[in-house]
Every structure is written in structure tokens, then in C-alpha cells.
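Taking it in order: structure first as C-alpha cells, then the write-up.
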Amino acid sequence: MPIPAEPIWVHTPGRKYPIYIGHHLLSQKDFLAAYLQNKQVFILSHSEIASHYLALLHQSCEQAGASQIDHLIIPSGDQYKTLTTADEVWSALLSLNHHRDTIIIALGGGMIGDLAGFCAACYMRGVGFIQCPTTLLAQIDSAIGGKTGLNHQMGKNLIGAFYQPLAVITDISTLNTLGEKEFNSGLAELIKYGLALDKDFFIWLEENIDKLVERAPGTLQMAIKRACKIKATIINEDELEKGQRIVLNFGHTVAHALESLLDYKHILHGEAVAIGMVVAVQLSLQQGTIDKNVLERLISLLKKAHLPVQLDASVPLVEILTKMKHDKKHAYQRLRWVLLKSLGEPRICEEVTEQQITQALVKCGASP
Ligand SMILES: NC(=O)c1ccc[n+]([C@@H]2O[C@H](COP(=O)([O-])OP(=O)(O)OC[C@H]3O[C@@H](n4cnc5c(N)ncnc54)[C@H](O)[C@@H]3O)[C@@H](O)[C@H]2O)c1
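Under our numbering, the first residue of the sequence shown carries the number 1091, and numbering increases by one thereafter.
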């Protein structure tokens, strides 16, 4: 099958790269041929993903002309997205004699993508990397835009670099083997694009959520393309999150605090984002910018996607507040919230008091 005529392009000041989206792309050498001729390749993945797709990708790399192909399997789970695991990756690269022009391929979800990108940014002061995202969340979000990084015990994604891939190769067929909770977790980020950035897309999601939950291939492809276009447009304007890019963090202030509080083990990223979006909409409601109908529509959509809509009562309020204070989106000691001006329109807000936040968290289930 030839390369799709129209990939979505990301244009950053330092790099222009394509996002190819389609079915069964991993088994085609064409997408890799431009990058791998006579190159060393190092594939990073998890065992579950590798059991389905590593042999396919290995063969495509061979056919694309790679001179040496190695891989490393690392344990899955965000608790392993650490400097210790990154050190294992660099040690493997060094012991296998990978040079400055090696290409690292991330075959996995956001965890693999973030780690592979960070390792690529630092290895030999920067080598090329390619994203082959295999979760819905990675296909519509984490594989695009060059945010790479690791967790620290003080908080999530606190160590990292902006480092853009050479290409993103999105094989939608890989979603067939993804677990239900992980798939639904990706639906939360999809809903985020509609809710905070594109009202028409939110309405489309309301109409198509059942087909998305069933993973209907055509509907899924349309949704992934739309989300990638929205994200690419924002990255093209603000690669380094100096301004507008922060709107992509809608729902993430509470989400990151929750994930950190639960040791990155007991809640998936998208599940935390679902709850974070409900809190952000509740805050917007308290500030009078939207009416209750938006909150009700969001909750209804999240429920149809089998996502949580409120905090677990066992989560102590004071601990969430403390965790939020470590969030990277702090500016001048104030938390920068992304709230709603209206459905599909974000508003960056630093004027949120602790009392307002407390009220919203309690409304959303936190124990006072
Ligand atoms: N860089 C960014 O812009 C950005 C944005 C959002 C999230 N993130 C990060 O992404 C991570 C979460 O990513 P995620 O939700 O993709 O989870 P993940 O990468 O942890 O993967 C979830 C699980 O699904 C398995 N899996 C993945 N693809 C599979 C497939 N096709 N078939 C079977 N199993 C498969 C994995 O082995 C893993 O056990 C977090 O670390 C988060 O911080 C980064």
C-alpha cells in the first residue's frame, strides 16, 4: 500500500514532520524507508505490545534498509517512567554500540513514547526518533508535539525536554489488542479536544460515542484525524508552551495531582483527566462563564465512555491541594487553570482562590 497522500504535518521552528494515520501501517516498509536506510535502529516497547507487533515492525525496518535492529523490553506502568529506566535504555544503547545517527523507535503508548523521546533527546546529545503509538491516548495526544519526559517522586513529568520526532506512524489496527480500560482512558483525551477546543467536535462525539466505544474502524479513524489536526494546529503556533499550548492541559491540573497521589498505579491517566475535566467545568460553572447544561453533557458523555466522573471519597482534599502546588503550570506562585469560556472555548485563569478550588473539589466528591 502506498504512503497516504496527505499526512497531517506538524511545523515547528526546528522540524517539520508527518503524522501518518491508517490501518496496518506497521507492516509496511514505505513509512520507514525515508528514515532508516543504512541506519541502526533501537526499538523500545513493553512485552505485551511486543508479542503482537515487534516481529512485524522488525521486518518492516529490515525491508526499509536498517543496518542493525535491536530492541529493549521494559516493564509497563508509569511507575517505571523514571531516570532509572532511562539509564537502562542508555546502557543498552551504549553496550550495543549505537552511534550518533541511530534511530530510536517508540512502539507503545504514552509511557514508552515519553521515555523513548527523552532518551533520544539525551543520547549522544540527541538522536532521531520515530513514534509508533499503540494506544488511543498516544495516537491522539502524547505522540504528537515533542513533550518527552519522566516522573519524579515529587510529581509527574517533572523531568523532561521538548524534542520532536522525525515522524509519527499511527497504525489504528493496533488498538484491536488494547485493553478496555486503556482504550476508554484515551476517549477522555478525545473528549477533552471537543469540550475545550472544538464545540462541533464535542457534538460529533456525543453523536458517535457508542460507535467509538465499540471501536468501529471508520469512526475511530475520523476521530483520530480530527484530534491530531487540532493538536498539530496548536503545536504549530506554540511548540514550547509559552502561550496557547497550555490549553491542551485542560483537566490536567487535578489529573496530575491525583495520579501522583495514587503513585501512578491505581488510576489511568485518562481516567484522572476525566475527573479533572469535571472539576474544571465545575470551577467554570462557579465562575459563571458556562451554565449547568455543559457539566451535565460532559458527565453524560464520560459515563457513556465508561469513565469516572467524580473523585473517590477516600482521597483527602488537603493532599490533592498540596500535590497541585507542585504542578508545572505554576506561574509566579499561582496555579494557572485552564477553564471554559464556553463549550469548545478555553480560558486561562490565574484568579482562582483556594476556597473556590476547595468548593469545586468537594462538589466533585473529595472528602473535606
Ligand atoms: N507527552 C505528552 O504530550 C503526553 C500527553 C498525555 C499523556 N502522556 C503520558 O502518557 C502516559 C500514558 O500513556 P497511555 O495511556 O498510552 O498508557 P501506557 O503507555 O502506560 O500503556 C497502557 C498499557 O497498555 C498496554 N498497551 C499499549 N498499547 C497496547 C496495544 N496496542 N495492545 C495491547 N496492550 C497495549 C501497555 O503495555 C500498558 O500496559 C503517561 O505517562 C502520561 O504522562 C504524555
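Here a beta-carbon is modelled for each residue, glycine too, at the ideal position from N, C-alpha and C.
Remember, predicted model here, so these are calculated numbers, not experimental data.
Look at the stretch 1101-1128 and you find these whole runs of alpha helix (DSSP H), each 4 residues long or longer: 1120-1126. Burial state of G1203 is buried, judged by a 10 Å Cβ sphere holding 16 or more other Cβ atoms. In this structure, DSSP gives E1441 a state outside helix and strand, which the three-state scheme calls coil. Boundaries for D1300: no beta strand (DSSP E) harbours it, while the alpha helix (DSSP H) harbouring it runs 1289-1303, taken from the DSSP string.
Cβ contact annotation for S1263 (same chain, cutoff 6 Å, sequence separation greater than five): H1113, H1114, in chain order. Every unbroken stretch of the alpha helix (DSSP H) spanning 4 or more residues and falling wholly within the stretch 1189-1218 is given here in chain order: 1200-1212. Contact between C1212 and A1196 is absent: CB atoms are separated by about 15 Å, not below the 8 Å threshold. Take W1099, set aside five residues on each side of it, and the residues of its chain with a beta-carbon closer than 8 Å to its own are K1106, Y1107, P1108, I1109, A1322, in chain order. The C-alpha of L1280 is placed about 20 Å away from the C-alpha of L1348. For N1247, the enclosing beta strand (DSSP E) stretches over residues 1245-1252. DSSP lists I1163, L1197 as the beta-bridge partner residues of S1135.
Residue state for H1346 is assigned as helix, using DSSP reduced to three classes.
Selection R1305, E1331, G1360 evaluated against N1266 yields R1305 as nearest (Cα-Cα). When the alpha-carbon of Q1118 is set against those of T1260, Q1372, E1409, the nearest one is in T1260. Taking all protein chains shown into account, H1356 has fewer than 16 neighbouring C-beta atoms within 10 Å of its C-beta and is therefore exposed. Fewer than three pairs of CB atoms, one per stretch, sit closer than 8 Å, so the stretch 1394-1407 makes no contact with the stretch 1330-1338. If you check the CB distance, L1451 and L1407 come in under 7 Å. Here DSSP, grouped into helix, strand and coil, assigns S1390 to helix. By the neighbour-count criterion, in which 16 or more other beta carbons inside 10 Å mark a residue as buried, R1316 falls on the buried side. Contact check for S1374 against L1429 passes: the beta carbons are separated by less than 7 Å. Distances between the C-beta of I1098 and the heavy atoms of ligand 1 are all 6 Å or more. By the C-beta density criterion, M1367 is buried, having at least 16 other C-beta atoms within 10 angstroms. Contact check for G1155 against L1183 fails: the beta carbons are separated by 7 Å or more. Between V1369 and C1439, the CB-CB gap reaches or exceeds 7 Å. Closest in C-alpha terms to Q1169, from the list W1427, G1198, G1245, comes G1245. If you look at L1411, you'll find it in the alpha helix (DSSP H) that goes 1407-1414. Residue nearest to G1236 within the set L1287, Q1377, T1102 is T1102 (criterion: CA-CA distance).
Here D1288 is buried. Its C-beta has 16 or more other C-beta atoms within 10 Å. Residue pairing of Q1446 in beta bridges, as defined by DSSP: absent, with no partner found.
For H1136, the shortest C-beta to heavy atom distance toward ligand 1 is below 6 Å. Contact annotation: the stretch 1186-1196 touches the stretch 1125-1139, with at least three C-beta pairs closer than 8 Å.
In the DSSP assignment, I1098 forms a beta bridge with I1109.
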